[in-house]
Amino acid sequence: MAAIITLCSCDNQDKAENLIKDFLDKNLQTSEYSVSFTELDSTRHVTDSAINAMRANAANNKLYKKGITYDNKLHKQYIFIRTKMSIGKDTINQTFYLDPELTSIVSFKEN
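Numbering (the working numbering), first residue to last: -13 to 97.
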């Protein structure tokens, strides 16, 4: 039974990482980057206003293209994962918030 739970956890980790990589490929100004990830976790402590604030900050982030689209459905719980991204000589630490089904990015923030 423990092997099944571990396998599901790894599948979710891979799914989240691939979702974020796709998001970065689509929305970063450059395709020249590398990224590493922490393990998935969940939170119920992210409010709608916090999500809106993160999105507003992201809209002004010069690393990203304009017009990023997000999942607009509200959730009681979000999955999050921290990233460490290297672009040239810069290192950027960010947290990405995903829907519970791991199908879309809800928001992200610089750490």
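Built from N, CA and C at the ideal position, the CB exists for glycine as well.
From the listed residues Lys59, Gly74 and Met71, the smallest Cα separation to Ile37 is found for Lys59.
When C-beta atoms of the segment -6 to 5 are compared with those of the segment 30 to 48, fewer than three pairs fall below 8 Å, so the two segments do not count as touching.
Distance between Asn13 and Asn79, taken at the CA atoms: about 16 Å.
It is roughly 6 Å from the alpha-carbon of Val92 to the alpha-carbon of Asp85. Comparing C-alpha distances from Thr33 to each of Asn46, Thr89 and Lys62 shows the shortest one belongs to Lys62.
Taking 9 Å as the cut-off, the beta carbon of Leu26 is found no closer than this to the beta carbon of Tyr19.
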